[in-house]
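Colleague:
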Amino acid sequence: MDEQKRLETIQELERQIAGLPIGYISKKNINGKTRYYHQWTENGKKRSKYLRDGEMEPLQEQIEQRKSLQAELKKLQAGMPKQRQPKLEFETSVIIGKGLTAMSQGVENWGRRDCFTQLEDYLYSPERDRVCLIFGLRRTGKTTMLRQAIGRMTKEDLARSAYLKARRTDTMAMVNRDMKKLFDAGFQYVFIDEVTLMKDFIDSAALFSDVFAAMGMKVILSGTDSLGFWLAMDQELYDRAKPIHTTFIPYREYSRLLGINSIDEYIRYGGTLRAGETAFDDADANAQDASFRDDESTRRYIDTAICKNIQHSLACYEAGGHFRHLYSLYEAGELTSAINRIIEDMNHRFLISVLTEDFTSHDLRLTAANLRKERDPQKRTDVLDTIDTEAVTRRLMELLDIRNREEQSIGITQAHINEIKEYLTALELIVDCPIETADPDTKPVEHILFTQPGMRYCQAQALVHVLMKDETFASHSELEKTQVTERILEEVRGRMMEDIVLLETMKAADKHHRVFKLQFAAGEFDMVIYDEKENSCEIFEIKHSERQAPEQYRHLVDEEKCRQTERRFGSIQGRFVLYRGEGTQLENGVTYWNVEDYLKSLPELDMTYTQEPDIQPIEPVM
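Just so we're aligned, residue 9 is where the sequence shown starts under this note's numbering, counting upward by one.
1) Could you spell out where the beta strand (DSSP E) holding residue 8 opens and where it closes?
2) Would you list, in sequence order, the uninterrupted alpha helix (DSSP H) runs of no fewer than 4 residues that lie entirely inside the region 486-527?
3) What residue range is occupied by the uninterrupted beta strand (DSSP E) comprising residue 2?
4) By the DSSP assignment, the alpha helix (DSSP H) with residue 424 in it spans what residues?
5) Let me know the secondary structure DSSP gives residue 36 once reduced to three states.
6) Given that a residue counts as buried once 16 or more other Cβ atoms are within 10 Å of its Cβ, and exposed if not, what is residue 226?
7) Determine the DSSP secondary structure at residue 227, reduced to helix, strand or coil.
8) Am I right that residue 423 and residue 330 are in contact with their C-beta atoms under 8 Å? What's the rounded C-beta distance?
9) Relative to the C-alpha of residue 453, which residue among 117, 183, 441 is closest?
10) Locate the beta strand (DSSP E) running through residue 539, then write down its first and last residues.
11) Starting from residue 631, follow the beta strand (DSSP E) in both directions and report where the run begins and ends.
12) For residue 55, which beta-bridge partners are listed by DSSP?
13) Could you round the C-beta distance between residue 435 and residue 512 to whole angstroms and report it? I think they count as a contact, below 8 Å.
14) Report yes if the CB atom of residue 254 is closer than 8 Å to the CB atom of residue 150, and no otherwise.
15) Given a cut-off of 8 Å, decide if residue 506 and residue 550 are closer than it, judged by their beta-carbon atoms.
16) Quick check: what's the CA-CA separation for residue 515 versus residue 81?
17) Over what stretch of residues does the beta strand (DSSP E) that includes residue 169 continue unbroken?
18) Decide if the region 157-165 is in contact with the region 121-135; the criterion is three or more beta carbon pairs, one per stretch, under 8 Å apart.
19) Using C-beta distances below 8 Å, list every residue in its chain close to residue 271, excluding the 5 sequence neighbours before and after it, in chain order.
20) At which residues does the alpha helix (DSSP H) containing residue 181 begin and terminate?
21) Per DSSP, what kind of secondary structure is residue 251 in: helix, strand or coil?
22) Do the region 237-245 and the region 554-572 make contact, defined as three or more Cβ pairs closer than 8 Å?
23) Specify the secondary structure class of residue 371 as computed by DSSP and reduced to three states.
24) How would you write the range of the alpha helix (DSSP H) that residue 25 sits in, first residue to last?
25) Note the first and the last residue of the continuous alpha helix (DSSP H) segment covering residue 300.
26) Would you call the region 461-472 and the region 353-360 in contact, with 3 or more CB pairs under 8 Å?
27) Check the DSSP bridge columns for residue 244 and list the partner residues they point to.
28) I need the boundaries of the alpha helix (DSSP H) containing residue 355, first residue and last residue.
29) Whole angstroms are fine: how far does the CA of residue 110 sit from the CA of residue 15?
30) Does the beta-carbon distance from residue 205 to residue 176 come in below 8 Å?
31) Answer with buried or exposed for residue 599, where buried requires no fewer than 16 other C-beta atoms within 10 angstroms of its C-beta.
32) Go through its chain and collect everything with a Cβ distance to residue 313's Cβ below 8 Å, but skip five positions before and after it.
33) Rounded to whole angstroms, what is the Cα-Cα separation between residue 553 and residue 501?
34) Kindly list the residues whose CB is nearer than 8 Å to the CB of residue 10, restricted to its own chain and excluding five residues on each side of it in sequence; keep chain order.
35) Say yes only if the C-beta of residue 351 is nearer than 7 Å to one or more non-hydrogen atoms of the ligand NAD, and no if none qualify.
36) Could you tell me the distance, in whole angstroms, from the CA atom of residue 557 to the CA atom of residue 362?
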């Protein structure tokens, strides 16, 4: 076998081995019964998993296959000439050789982001002339993805790989000289982390695609200031970059990576991967490390991950000549605080819309009715009947207006807001999921969804606590305030669950499907999925409840609403209530679907849940 053929065989064997399980199978006698366990070492710790009936034999075959392939690999490697790593001197911080192996350790057994396959597709594809951009907000797994990709490389590919950690003092000229050295030494894969820290990156980014990628190198760029990538793609890297976005972490992925199976935990902390690395067994411990554990940590995250991200990117782009209407705020040193206030304002307005009747029925009066009807006598109270909804809303706006006046010397105009929202959209922090009406002549209404629910929930919660300390509630006891707070936050979680379902369904939809909220003169469908190809639709109600009740699906069986819907969006193929209880199918054709199960079923928009054999038709208790 010639050297090239031997090398190709080695690479293929290494890839096969990487996909097979490690460890061994042990046998234990427990109470007279023989039980089998899969045991292995992970991150220096011994792990064990009980094997159910039918799992042992296939696993044993895979383990034996791994051993056989490893023996074959060892023989082939013994016949290869030893490669010596060239001695190179670099101007930037470059890691090669054993350093790469060391930095990849510790993450090899961590769960991988769904978008990780896109990275490996780029690395091992034959295409040239394009770089790969991995960008998203802080704590969404960018650097971990780089380390995992390095850790999964064959020895031969690893010997041709380099990792560069950019610093603020580095320049593109320095990186260019180091890249030339790497190319001349035969390096093919170059991972450059925190590349957006360099002031001249955005205006010189084409260097990576037009020179080094064109020469056959695979260049992977990652950075915290993700707006810089967005700006570079519009100019220097236009049509010459493969972008991989990490900001949006849907529930199904969050659940898989962190072992969290509660939609409420996702509402509370979702948005980053900082809530934990493994299981969520110790909620309190993990919460201490969460990005959105309290108002202060949320503000700090917004300031570093979003506000300074935008400001630094704009300052570096075209020598700071692209601030547009934001320049006056930047010059006064108020841009980052203005961005923070606009994000906060959107989340506060979200809370206000939950408390009032402006857009939905989730209002303070509904909350009052719910508290009066509460089954638990300890939670039952008429405290909210004494509260003037309009007065509370006015007071909230006053509190926010006072805060804004105290914190700024330059007023925030609508032009400022529009530009900042444009950048927040580019960062994938906000997404517009329009609200439709049954009238085709009516324009859709803007409906802003947050991709990081923990951020929204934390700021809404903080505002509720501020409100409880206000003179509006001065005459009420602490118990009553706690009851009101808990009930309002329950309504917040309900609305947020609606938004999460809308957002994740919309993200999963292909070009033939549209996802939106549908409003009528009175009432609404929380979600509609319209199949433009088939001219049909499914209609949904979304309820933050574990119990079934007829009022939950009253709109779904309303003949007039259904007639209006079918007139515009074709025949109704399914009627669903997404909630936190068990899945059941009612005799009237309405299907109750557990919301966590639904979100995990995405990204496929295949509404076949009603065909599941274990679902029995029942009539709800009236």
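Heads up, the beta-carbon is just placed ideally off N, CA and C, and yes, glycines get one too.
Modeller: Taking the geometry as given:
1) With the chain covering 9 to 630 only, the question about residue 8 has no answer from this structure.
2) 486-516
3) No statement about residue 2 is possible, as the shown extent of the chain runs from 9 to 630 and does not include it.
4) 422-434
5) strand
6) buried
7) strand
8) Not really, about 15 Å apart at Cβ, beyond 8 Å.
9) 441
10) 532-539
11) Because the chain spans 9 through 630 in this model, residue 631 falls outside it and cannot be assessed.
12) 48
13) Not really, about 18 Å apart at Cβ, beyond 8 Å.
14) yes
15) yes
16) 43 Å
17) 169-173
18) yes
19) 259, 505, 508, 588, 603, 604, 607
20) 180-192
21) strand
22) no
23) In this predicted model, residue 371 has a pLDDT of only 38, less than 50, meaning its place in the structure is not dependable enough to derive any value.
24) 11-26
25) Where residue 300 is concerned, there is no enclosing alpha helix (DSSP H), given that its DSSP letter is neither H nor E.
26) yes
27) Paired residues: none, contrary to the question.
28) 343-363
29) 24 Å
30) yes
31) buried
32) 145, 146, 147, 232
33) 10 Å
34) none
35) For the structure depicted, the ligand NAD is absent and the ligand set is empty, with no information on it obtainable.
36) 22 Å
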